[in-house]
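Step one of this worksheet: look at the structure below.
There are 2 protein chains.
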Amino acid sequence: MAKRESKKSRQVRDAEVTQQDILDAAEIEFSHHGLNGARLSAIADRAGVTTAMIHYYFTNKEGLYKAVLQRPATEANEKLGTLNFDQFPAIDALKLFIQAAILNEVQHPHRQMLWFQEANQNQGEFFKLSKDDWSNAHGSLFKILKRGMTDGSFRELDLEITTIHILGICIFYFSIQENWKHFKPDCDRLSESEIQRHTEAAIALVLSGIKSPE
Amino acid sequence: MAKRESKKSRQVRDAEVTQQDILDAAEIEFSHHGLNGARLSAIADRAGVTTAMIHYYFTNKEGLYKAVLQRPATEANEKLGTLNFDQFPAIDALKLFIQAAILNEVQHPHRQMLWFQEANQNQGEFFKLSKDDWSNAHGSLFKILKRGMTDGSFRELDLEITTIHILGICIFYFSIQENWKHFKPDCDRLSESEIQRHTEAAIALVLSGIKSPE
DNA sequence: GTCTATAATACGATAGAC
DNA sequence: GTCTATCGTATTATAGAC
Numbered sequence: 003m004a005k006r007e008s009k010k011s012r013q014v015r016d017a018e019v020t021q022q023d024i025l026d027a028a029e030i031e032f033s034h035h036g037l038n039g040a041r042l043s044a045i046a047d048r049a050g051v052t053t054a055m056i057h058y059y060f061t062n063k064e065g066l067y068k069a070v071l072q073r074p075a076t077e078a079n080e081k082l083g084t085l086n087f088d089q090f091p092a093i094d095a096l097k098l099f100i101q102a103a104i105l106n107e108v109q110h111p112h113r114q115m116l117w118f119q120e121a122n123q124n125q126g127e128f129f130k131l132s133k134d135d136w137s138n139a140h141g142s143l144f145k146i147l148k149r150g151m152t153d154g155s156f157r158e159l160d161l162e163i164t165t166i167h168i169l170g171i172c173i174f175y176f177s178i179q180e181n182w183k184h185f186k187p188d189c190d191r192l193s194e195s196e197i198q199r200h201t202e203a204a205i206a207l208v209l210s211g212i213k214s215p216e
Numbered sequence: 003m004a005k006r007e008s009k010k011s012r013q014v015r016d017a018e019v020t021q022q023d024i025l026d027a028a029e030i031e032f033s034h035h036g037l038n039g040a041r042l043s044a045i046a047d048r049a050g051v052t053t054a055m056i057h058y059y060f061t062n063k064e065g066l067y068k069a070v071l072q073r074p075a076t077e078a079n080e081k082l083g084t085l086n087f088d089q090f091p092a093i094d095a096l097k098l099f100i101q102a103a104i105l106n107e108v109q110h111p112h113r114q115m116l117w118f119q120e121a122n123q124n125q126g127e128f129f130k131l132s133k134d135d136w137s138n139a140h141g142s143l144f145k146i147l148k149r150g151m152t153d154g155s156f157r158e159l160d161l162e163i164t165t166i167h168i169l170g171i172c173i174f175y176f177s178i179q180e181n182w183k184h185f186k187p188d189c190d191r192l193s194e195s196e197i198q199r200h201t202e203a204a205i206a207l208v209l210s211g212i213k214s215p216e
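Top line first, the protein sequences correspond to chains A and B.
Going by the working numbering, the first sequence opens with residue 3, and the numbers climb by one from there.
Going by the working numbering, the second sequence opens with residue 3, and the numbers climb by one from there.
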């Protein structure tokens, strides 16, 4: 029982659990260091297995990387898809979207960076979002804005760019978190109360930013 | 004249030029791949030198990395510092800040990611912004907001978080640029006209988002 | 399925000629 | 100042025992 205790007692294991452990560990390592920078040894350590196991399940580093990228795209934004925004007035739908988007970042703090890195490092060589995936992720916001603009709830908007701006409000907060820490080491930006402040301020900014004047 | 032509004819060279070439190439490589992921061979190729030159000028990979990180902190945000926002009414100052922040991203498209990566990968181990640097970069925005809130131009705001939100509006646009490309390959988000749209939409969103109601 | 041991290679770094 | 050639180690990947 020397070194394998890093995650949990392994002993009798089955394939499913080991694979998930590896994927979880890899998601963190790849999100921190990208494809080139990630070390299989670091992933193995974190998952509590040997690098041989990684090759056994995922063939090679690239295979593991692709498997890691696959999860967020299929699974993560399903949640946004299941929320049926159409049943709410545009303004309420927008509030709900912002809450859901921020919650998604809280629950999967590594995935945004994982995604940035893939685009930035490899220009999406290993994973291009399909139009469907992309639409699920950002299309629902786009649609809310369009609907609100048509029915007069929102002012005249540049829809595509406003979509990006609203996502930026929600997500950038998490991107600069590590930097912010050095400036205010005492303040935990990921605590529930701080997330609450972030959410409320974001909703206030966006709503007064795009609502019709009248 | 085999492989050295990647940047420019080298032949007779002097130290200053070579160092700058290496730094420029390294900034791009490190911003794409981070410290671990970057390859000295890639940097050397891009700069049109050999890896021996990198060691000659910067001792080792880490020394080069630190030199690269130093540039943006000292030089880049000086520009924001020189703009004296105090002489303008808060609303005008805010407009100017947004324009300057976006322009800065256009002129240094790699630096934001470089910065993200250092925080994300190494938790700022190799370069923590000093409070002064940080203040220069984001403090001027903070001050504008505070002034506008005090003099009644802006509504009641959560100053720290609103600072982040506004920066997010300006910067996130560039972060997701590579992803966006796959969705709309025909549209160049870095063209002058698109940047113009971005800037105008950002100003409109922020101003109507935080101006006093009355 | 999981490990240990080891092969094969990629990469950072250095020595020495020019 | 710049290159070519080379060393040593870190890292990916594989073979084979259990």
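By construction, the Cβ of each residue, glycine as well, lies at the ideal position given by its N, Cα and C atoms.
Cut-off 6 Å between Cβ atoms - residues of its own chain near proline 48 of chain B, not counting five sequence neighbours on either side: The residue you call residue 48 of chain B lines up with position 46 of the second sequence. According to the sequence displayed, residue 48 of chain B carries arginine and not proline. Answer for arginine 48 of chain B: Ala27, listed in chain order.
Min CB distance alanine 46 of chain A to chain B below 8 Å: Residue numbering aside, residue 46 of chain A sits at position 44 when the first sequence is read from its first letter. Alanine 46 of chain A does not count as touching chain B.
Glutamine 67 of chain B vs phenylalanine 128 of chain B beta-carbon contact at 8 Å: Locating residue 67 of chain B in the second sequence gives position 65, counting from the first residue. Locating residue 128 of chain B in the second sequence gives position 126, counting from the first residue. Looking at the sequence provided, one finds tyrosine at residue 67 of chain B rather than glutamine. Contact: yes.
Residue-chain proximity (alanine 121 of chain B, chain A), Cβ-Cβ < 8 Å: Taking the second sequence and counting its residues from 1, the one referred to as residue 121 of chain B is at position 119. Yes, because at least one Cβ of chain A sits closer than 8 Å to the Cβ of alanine 121 of chain B.
Residue-chain proximity (isoleucine 171 of chain B, chain A), Cβ-Cβ < 8 Å: One-based indexing of the second sequence puts residue 171 of chain B at position 169. So, interface residue.
Within chain B, the residues that glutamine 125 of chain A reaches when beta carbons sit closer than 9 Å: As a working note, residue 125 of chain A is residue 123 in the first sequence. Under the 9 Å cutoff, chain B gives Glu180, Lys183, His184.
Nearest candidate by alpha-carbon position, reference isoleucine 212 of chain A, set A:Ile163, A:Thr201, A:Phe174, A:Gly36: The residue labelled residue 212 of chain A in the question sits at position 210 within the first sequence. Among A:Ile163, A:Thr201, A:Phe174, A:Gly36, the Cα nearest to that of isoleucine 212 of chain A is on A:Ile163.
Presumed contact (8 Å Cβ cut-off) between alanine 40 of chain A and glutamate 29 of chain A, rounded CB distance: Residue 40 of chain A sits at position 38 when you count from the first residue of the first sequence. Residue 29 of chain A sits at position 27 when you count from the first residue of the first sequence. No, alanine 40 of chain A and glutamate 29 of chain A are not in contact; Cβ-Cβ is about 10 Å, not under 8 Å.
Complete runs of the beta strand (DSSP E) confined to the region 79-132 of chain B [at least 3 residues]: none
Local Cβ density within 10 Å of glutamine 89 of chain A, reported as buried at 16 or more and exposed below that: The count along the first sequence starts at 1 and reaches residue 89 of chain A at position 87. The residue in question, glutamine 89 of chain A, is exposed, as its Cβ has fewer than 16 Cβ neighbours within 10 Å.
Lysine 186 of chain A, DSSP secondary structure in three states: Translated into the one-based positions of the first sequence, residue 186 of chain A becomes position 184. Here lysine 186 of chain A sits in coil by DSSP.
is_contact[asparagine 62 of chain B, chain A] using C-beta, thresh 8 Å: Counting from one through the second sequence, the residue named residue 62 of chain B turns up at place 60. Output row for asparagine 62 of chain B: interface = no.
Residue nearest to glutamine 198 of chain A in terms of C-alpha spacing, selected from A:Ala95, A:Gln22, A:Ile100: Along the first sequence, read from residue 1 onward, the residue named residue 198 of chain A stands at position 196. For glutamine 198 of chain A, the nearest C-alpha among the options comes from A:Ile100.
Under 9 Å by beta carbon: chain B residues contacting glycine 36 of chain A: Locating residue 36 of chain A in the first sequence gives position 34, where the first residue counts as 1. Here the neighbours are His34, His35, Gly36, Asn38, Gly39, Gln119, Gln123.
Proximity below 8 Å, CB of histidine 140 of chain B to CB of tyrosine 175 of chain B: Here residue 140 of chain B corresponds to residue number 138 of the second sequence, with the count starting at 1. Here residue 175 of chain B corresponds to residue number 173 of the second sequence, with the count starting at 1. In this structure, histidine 140 of chain B keeps its C-beta atom at 8 Å or more from the C-beta atom of tyrosine 175 of chain B.
DSSP three-state assignment for threonine 20 of chain A, whether helix, strand or coil: In the first sequence, counting from the first residue as 1, residue 20 of chain A sits at position 18. Reduced to three states, the DSSP call for threonine 20 of chain A is helix.
C-beta contact flag for glycine 154 of chain A and leucine 96 of chain A at 8 Å: Here residue 154 of chain A refers to the residue found at position 152 when the first sequence is read from its first residue. Here residue 96 of chain A refers to the residue found at position 94 when the first sequence is read from its first residue. Cβ distance not < 8 Å, so glycine 154 of chain A and leucine 96 of chain A don't count as in contact.
Alanine 208 of chain A at chain B interface by Cβ criterion, 8 Å: On the first sequence, residue 208 of chain A is found 206 positions in, with the first residue counted as 1. It is worth fixing the name first, because residue 208 of chain A is valine in this sequence and not alanine. Judged by the 8 Å Cβ criterion, valine 208 of chain A is in contact with chain B.
Interface flag, lysine 130 of chain B vs chain A, CB-CB below 8 Å: Here the question's residue 130 of chain B lines up with position 128 in the second sequence. By this cut-off, lysine 130 of chain B is an interface position.
Cβ-based burial, glutamine 109 of chain A [other Cβ within 10 Å; buried from 16]: Within the first sequence, residue 109 of chain A is the residue found at index 107, counting from 1. That one is exposed.
Within chain B, the residues that methionine 115 of chain A reaches when beta carbons sit closer than 8 Å: Taking the first sequence and counting its residues from 1, one reaches residue 115 of chain A at position 113. Correct list: Phe118, Asn122.
Partner residues on chain B for aspartate 160 of chain A, Cβ-Cβ distance less than 9 Å: Against the first sequence, residue 160 of chain A aligns to sequence position 158. What aspartate 160 of chain A touches in chain B: Arg199, His200, Glu202, Ala203, Ala206.
Leucine 207 of chain B and isoleucine 171 of chain B closer than 8 Å at C-beta: Indexing the second sequence from 1 puts residue 207 of chain B at position 205. Indexing the second sequence from 1 puts residue 171 of chain B at position 169. Contact: yes.
Integer-rounded CB distance, given that alanine 103 of chain A should sit under 8 Å from leucine 169 of chain A: Numbered from its first residue, the first sequence carries residue 169 of chain A at position 167. Numbered from its first residue, the first sequence carries residue 103 of chain A at position 101. Between alanine 103 of chain A and leucine 169 of chain A the Cβ distance is about 7 Å, and since that is below 8 Å, they are a contact.
Sequence-distant residues of its chain with Cβ nearer than 7 Å to lysine 63 of chain A (five each side left out): Mapped onto the first sequence, residue 63 of chain A falls at position 61. Taken in chain order, the residues that qualify are Leu42.
Threonine 165 of chain B at chain A interface by Cβ criterion, 8 Å: Sequence index remark: in the second sequence, residue 165 of chain B carries index 163 (1-based). Cβ-Cβ to chain A under 8 Å: no for threonine 165 of chain B.
Reduced DSSP secondary structure (H/G/I, E/B, other) of serine 210 of chain A: As a first step, residue 210 of chain A must be located in the first sequence, where it is residue number 208. Serine 210 of chain A falls in the helix class under three-state DSSP.
Cutoff 8 Å: glutamate 216 of chain A Cβ touching any chain B Cβ: Within the first sequence, the letter at position 214 stands for residue 216 of chain A. Judged by the 8 Å Cβ criterion, glutamate 216 of chain A is not in contact with chain B.
Sequence-distant residues of its chain with Cβ nearer than 6 Å to alanine 44 of chain A (five each side left out): Here residue 44 of chain A refers to the residue found at position 42 of the first sequence. Excluding sequence neighbours, alanine 44 of chain A sits near Glu31.
Chain A residues whose Cβ lies nearer than 7 Å to that of phenylalanine 174 of chain B: What you label residue 174 of chain B is simply residue 172 of the second sequence in a count that begins at 1. Chain A residues near phenylalanine 174 of chain B: Ile166, Leu169, Gly170, Ile173, Phe174.
Exposure of asparagine 86 of chain A, with buried meaning 16 or more beta-carbon neighbours within 10 Å: Residue 86 of chain A sits at position 84 when you count from the first residue of the first sequence. Per the 10 Å Cβ criterion, exposed.
Spatial distance of lysine 10 of chain B from lysine 186 of chain B (CA atoms): For the purposes of this step, residue 10 of chain B is taken as the residue at position 8 of the second sequence. For the purposes of this step, residue 186 of chain B is taken as the residue at position 184 of the second sequence. In this prediction, lysine 10 of chain B scores a pLDDT of 46, lower than 50, which makes its location untrustworthy; no coordinate-derived value is stated.
Proximity test, Cβ basis, 8 Å: glycine 211 of chain A and chain B: As a first step, residue 211 of chain A is located in the first sequence; it is residue number 209 there, counting from the start. For glycine 211 of chain A, the answer is yes, since a Cβ of chain B falls inside 8 Å of its Cβ.
Option nearest proline 111 of chain B by Cα separation, candidates B:Met55, B:Ser33, B:Asp190: The residue labelled residue 111 of chain B in the question sits at position 109 within the second sequence. Residue B:Ser33 is the option with its Cα nearest to proline 111 of chain B.
Where leucine 159 of chain A falls, given that 16 or more other Cβ within 10 Å makes a residue buried: Locating residue 159 of chain A in the first sequence gives position 157, counting from the first residue. Result: buried.
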